[in-house]
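To start, the structure itself, in structure tokens.
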Ligand SMILES: [Zn+2]
């Protein structure tokens with residue numbers, strides 16, 4: 001079984017997690033840029049974080065046989081901090097990089113004017129850079145937040161079918177699906193969405209354009225939730241092809257819109273032998 | 001698949017150090033130009049049509065507009081996208097060629113290194129020996145040597161480091177390769193710089209003792225480097241020490 005976790009914050013996870021994820025079948029991840037729990041105070045802090053998403057973290061992942069990609073953005077929470085908002089001006093030089101497969105996470109947290117501005121500006125950046133967008137839907141006032149999100153998307157230069165709306169649930173899936181957007185579900189221990197509800201949603205709405213993620217981060221979360229959903233799908237009568245579609249082909253299709261997915265992992269061990277490109281100066 | 005990307009080795013980016021050549025000077029300009037032409041020919045032969053067309057255009061643009069205009073120069077954009085255009089196996093070579101075409105100097109190289117992904121940084125490190133004659137770019141090597149990314153470390157200990165890194169930092173770089181599993185075959189001019197280096201020998205011996213005390217194996221490379229620290233005795237001629245010279 002091959003699994004793709006399309007939303008996981010590996011920066012906050014240990015190498016034990018990478019090992020367990022590989023053992024469970026995870027072969028690819030996308031790490032969206034988000035906040036770190038502790039608020040940032042300057043664009044420099046974002047730059048170091050983005051550099052890590054494009055440097056150290058893919059190196060770490062490759063050591064465990066997992067292809068790592070990222071999405072880059074100013075997250076909605078910190079879009080409200082005037083000390084952080086200037087990082088918007090620095091995003092273009094990151095959005096041209098290899099392995100940046102979307103603009104994200106963008107969207108709403110508290111639905112403020114500053115969040116309006118950041119969301120609209122970053123949807124435009126996605127359109128300008130040929131990238132899809134990963135849009136987080138708010139945890140509070142979710143349905144109103146989804147509607148406002150979809151309105152802003154419709155007014156933007158980015159077609160709705162290049163947008164993944166994430167953290168959906170029973171109350172938001174119908175409107176999100178009708179919009180033509182891709183549908184993301186974050187399966188957590190206890191909150192938001194669990195495996196059984198996820199499988200029920202798949203039965204009710206079908207696997208078309210559905211992506212399932214663990215959204216694992218520094219909070220209570222579980223990087224093996226993609227595998228648990230796959231196992232429950234099989235137990236509840238879905239077949240292997242359905243599982244492969246939801247947990248591999250759909251994320252490959254969505255992030256593949258960037259033209260930047262590179263799913264073959266070159267293990268760093270290639271430095272030991274064989275690869276002459278690394279052997280300059282012998 | 002019409003063109004399997006991994007069967008042929010990617011072109012090497014730097015000529016092997018020539019035994020008996022002068023070591024403390026940068027390669028002569030004609031040598032560097034020949035290296036670049038050879039690298040381009042080798043890479044071009046391995047790219048598919050679309051990638052080759054992209055590379056040709058990127059190199060023409062970089063040569064025509066090395067200074068750049070706007071917030072990001074065109075060649076810096078091309079540098080960023082080389083991986084998805086040429087494929088990961090060929091990105092290093094494509095990036096080195098773009099840096100040469102743009103005639104990037106130490107300032108430009110520092111900028112693209114610091115604004116680059118790990119892959120771009122690696123390409124900058126590989127381009128240093130051909131583009132920066134003096135020690136101005138040493139801070140980039142030092143930055144890479146502070147990381148634990150073995151792909152950056154392997155690139156950092158190339159010919160530019162061999163030429164310019166001071167003895168203390170060079171010894172630590174060698175030791176770090178042994179620590180992190182970077183094959184010491186990546187260390188440029190290892191035999192020349194190690195020869196007669198009693199301090200390096202001491203550090204290696206101490207490391208071997210530490211490993212042995214911990215009940216852990218001593219890296220095989222350690223003994224090889226330790227042997228190289230012997231002061232030169234009878235000359236063995238221009239032998240290639242590990243048999244990979246062409
Ligand atoms: Zn997230």
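Chains as they are written, first to last, in UniProt numbering: chain A, 1 to 282; chain B, 1 to 246.
Just so it is clear, CB atoms sit at the ideal spot from N, CA and C, and this is done for glycine as well.
_Residues in the region 75 to 91 of chain B having any Cβ partner in chain A nearer than 7 Å_ = Taken in chain order, the members of the region 75 to 91 of chain B whose beta-carbon sits within less than 7 Å of a beta-carbon on chain A are 77, 80, 81, 83, 84 and 88.
_Residues of chain A with CB closer than 8 Å to the CB of residue 118 of chain B, please, in chain order._
For this step, residue 118 of chain B is matched to residue 118 along the second chain. Residues of chain A with a Cβ closer than 8 Å to the Cβ of residue 118 of chain B are, in chain order, 54, 55, 56, 58 and 59.
*Measure the alpha-carbon distance for residue 250 of chain B versus residue 220 of chain B and round it to whole angstroms.*
Only positions 1 to 246 of chain B appear in the structure, and residue 250 of chain B is not among them; the question remains open.
*residue 194 of chain A by DSSP, collapsed to three states: which one?*
Stepping through the first chain from its first residue, residue 194 of chain A is reached at position 194. Coil, per DSSP.
*Whole-angstrom distance between residue 8 of chain A and residue 62 of chain A, CA atom to CA atom*: Translated into the one-based positions of the first chain, residue 62 of chain A becomes position 62. Translated into the one-based positions of the first chain, residue 8 of chain A becomes position 8. Per the coordinates, the alpha-carbon of residue 62 of chain A lies some 15 Å from the alpha-carbon of residue 8 of chain A.
*First through last residue of the beta strand (DSSP E) which encompasses residue 213 of chain A*: Counting from one through the first chain, the residue named residue 213 of chain A turns up at place 213. Counting along the chain, the beta strand (DSSP E) containing residue 213 of chain A begins and ends at 210 to 213.
*Answer yes or no: the CB of residue 105 of chain A versus the heavy atoms of ligand 1, is any distance below 7 Å?*
If you number the first chain from 1, residue 105 of chain A lands on position 105. Yes.
*asked:* By the DSSP assignment, the alpha helix (DSSP H) with residue 145 of chain A in it spans what residues?
replied: Translated into positions along the first chain, residue 145 of chain A becomes position 145. 142 to 155 is the extent of the alpha helix (DSSP H) around residue 145 of chain A.
*Within its chain, find whatever has a CB closer than 8 Å to the CB of residue 97 of chain B; leave out the 5 residues flanking it on each side and keep chain order.*
Along the second chain, one-based indexing puts residue 97 of chain B at 97. Correct list, in chain order: 36, 39, 40, 43, 55 and 59.
*Any heavy atom of ligand 1 within a distance shorter than 7 Å of the CB on residue 7 of chain A?*
One-based indexing of the first chain puts residue 7 of chain A at position 7. It does: the Cβ of residue 7 of chain A is within 7 Å (strictly closer) of some heavy atom of ligand 1.
*What are the uninterrupted segments assigned as beta strand (DSSP E) that are 3 or more residues long and contained completely in the region 201 to 241 of chain A, given in chain order?*
If we require 3 residues or more, the beta strand (DSSP E) runs fully inside the region 201 to 241 of chain A come out as 210 to 213.
_DSSP state of residue 8 of chain A mapped onto helix, strand, coil_ = Position 8 of the first chain holds residue 8 of chain A. In the displayed model, residue 8 of chain A falls within coil according to three-state DSSP, outside both helix and strand.
*Do residue 186 of chain A and residue 208 of chain A have their CB atoms nearer than 8 Å?*
Looking up residue 186 of chain A in the first chain gives position 186. Looking up residue 208 of chain A in the first chain gives position 208. Against a cut-off of 8 Å, the Cβ pair of residue 208 of chain A and residue 186 of chain A comes out as no contact.
*Cβ-Cβ separation, residue 39 of chain A to residue 81 of chain A (assumed contact under 8 Å), whole Å*: For this step, residue 81 of chain A is matched to residue 81 along the first chain. For this step, residue 39 of chain A is matched to residue 39 along the first chain. That belief holds up - the Cβ atoms of residue 81 of chain A and residue 39 of chain A are roughly 7 Å apart, short of 8 Å.
*Does any C-beta atom of chain A lie closer than 8 Å to the C-beta of residue 4 of chain B?*
As a first step, residue 4 of chain B must be located in the second chain, where it is residue number 4. Bear in mind that a pLDDT of 37 at residue 4 of chain B, under 50, signals an unreliable position, so the number given afterwards is only what the model happens to contain. For residue 4 of chain B, not one C-beta of chain A is nearer than 8 Å to its own C-beta.
*Output the boundary residues of the beta strand (DSSP E) element that contains residue 68 of chain A.*
Sequence index remark: in the first chain, residue 68 of chain A carries index 68 (1-based). DSSP places residue 68 of chain A inside the beta strand (DSSP E), whose first and last residues are 67 to 72.
_Is the separation between the beta-carbon of residue 118 of chain B and that of residue 59 of chain A shorter than 8 Å?_
Here residue 118 of chain B corresponds to residue number 118 of the second chain, with the count starting at 1. Here residue 59 of chain A corresponds to residue number 59 of the first chain, with the count starting at 1. In terms of Cβ geometry, residue 118 of chain B and residue 59 of chain A form a close pair [threshold 8 Å].
*List the DSSP bridge partners of residue 104 of chain A.*
Indexing the first chain from 1 puts residue 104 of chain A at position 104. BP columns for residue 104 of chain A point to A:134.
*asked:* Residues of chain A with CB closer than 8 Å to the CB of residue 274 of chain B, please, in chain order.
replied: Past the edges of chain B, shown from 1 to 246, lies residue 274 of chain B, and the structure says nothing about it.
*Please decide whether residue 72 of chain B counts as near chain A, where near means a Cβ-Cβ distance under 8 Å.*
By 1-based counting over the second chain, the position of residue 72 of chain B is 72. Closer than 8 Å to some Cβ of chain A, the Cβ of residue 72 of chain B qualifies, so yes.
*Backbone CA spacing between residue 212 of chain A and residue 150 of chain A [nearest angstrom]*: Residue numbering aside, residue 212 of chain A sits at position 212 when the first chain is read from its first letter. Residue numbering aside, residue 150 of chain A sits at position 150 when the first chain is read from its first letter. When rounded, the distance between both Cα atoms is 20 Å.
*Taking contact to mean at least 3 C-beta pairs separated by less than 8 Å, is the region 152 to 165 of chain A in contact with the region 191 to 199 of chain A?*
Using a Cβ-Cβ distance cut-off of 8 Å, the region 152 to 165 of chain A and the region 191 to 199 of chain A are not in contact, since fewer than three pairs of beta carbons, one from each stretch, lie closer than that value.
_Please report whether the beta-carbon of residue 191 of chain B lies at a distance below 8 Å from any beta-carbon of chain A._
For the purposes of this step, residue 191 of chain B is taken as the residue at position 191 of the second chain. False, the Cβ-Cβ gap to chain A never drops below 8 Å.
_I'd like to confirm something about residue 34 of chain A: is its beta-carbon nearer than 7 Å to some heavy atom of ligand 1, or not?_
As a first step, residue 34 of chain A is located in the first chain; it is residue number 34 there, counting from the start. Yes.
*Find out if the Cβ-Cβ distance for the pair residue 257 of chain A, residue 226 of chain A is shorter than 8 Å.*
Counting from one through the first chain, the residue named residue 257 of chain A turns up at place 257. Counting from one through the first chain, the residue named residue 226 of chain A turns up at place 226. No, the pair does not count as a contact, with Cβ atoms beyond the cut-off.
*How would you label residue 191 of chain A, buried or exposed, when you count the other beta carbons within 10 angstroms and need 16 or more for buried?*
Here residue 191 of chain A is taken as the residue at index 191 of the first chain, counted from 1. Within 10 angstroms of the beta-carbon of residue 191 of chain A lie fewer than 16 other beta-carbons, which makes it exposed.
*Is residue 118 of chain A near ligand 1, with its Cβ less than 7 Å from a heavy atom?*
Position 118 of the first chain, counted from the start, is the residue given in the question as residue 118 of chain A. At a cut-off of 7 Å, the beta-carbon of residue 118 of chain A does not count as near ligand 1: no heavy atom of the ligand is closer than that.
*By DSSP, does residue 164 of chain A sit in helix, in strand, or in coil?*
Stepping through the first chain from its first residue, residue 164 of chain A is reached at position 164. Under the three-state reduction of DSSP, residue 164 of chain A is assigned to strand.
_With three or more C-beta pairs closer than 8 Å as the rule, is the region 66 to 76 of chain A touching the region 84 to 101 of chain A?_
Short answer: they touch.
*Closer than 6 Å by C-beta to residue 99 of chain B: which residues in its own chain qualify, once you throw out the five before and the five after it? Chain order, please.*
To locate residue 99 of chain B, count along the second chain from 1; it is residue 99. Sequence-distant partners of residue 99 of chain B (beyond 5 residues in either direction) whose C-beta falls short of 6 Å from its own C-beta, in its chain, are 127.
*Between which two residues does the beta strand (DSSP E) carrying residue 186 of chain A extend?*
Translated into positions along the first chain, residue 186 of chain A becomes position 186. Where residue 186 of chain A is concerned, the enclosing beta strand (DSSP E) stretches over 182 to 186.
*asked:* Less than 8 Å between CB atoms is the rule here; does residue 149 of chain B satisfy it with respect to chain A?
replied: Taking the second chain and counting its residues from 1, one reaches residue 149 of chain B at position 149. It does: the Cβ of residue 149 of chain B has a partner Cβ on chain A nearer than 8 Å.
*When the cut-off is 8 Å and only beta carbons count, does residue 115 of chain B lie next to chain A?*
The residue given as residue 115 of chain B occupies position 115 in the second chain. Yes, residue 115 of chain B counts as interfacial toward chain A.
*Give, in chain order, every residue of the region 201 to 225 of chain A whose Cβ lies closer than 8 Å to some Cβ of chain B.*
From the region 201 to 225 of chain A, no residue has a Cβ closer than 8 Å to chain B.
_In the DSSP assignment, the alpha helix (DSSP H) including residue 26 of chain A goes from what residue to what residue?_
Taking the first residue of the first chain as 1, we reach residue 26 of chain A at position 26. Taken as a continuous stretch (DSSP letters only), residue 26 of chain A belongs to no alpha helix (DSSP H), being part of the beta strand (DSSP E) at 26 to 32.
*Looking at the structure shown, is residue 53 of chain A part of a helix, part of a strand, or coil, going by DSSP?*
The residue labelled residue 53 of chain A in the question sits at position 53 within the first chain. Under the three-state reduction of DSSP output, residue 53 of chain A falls in the helix class.
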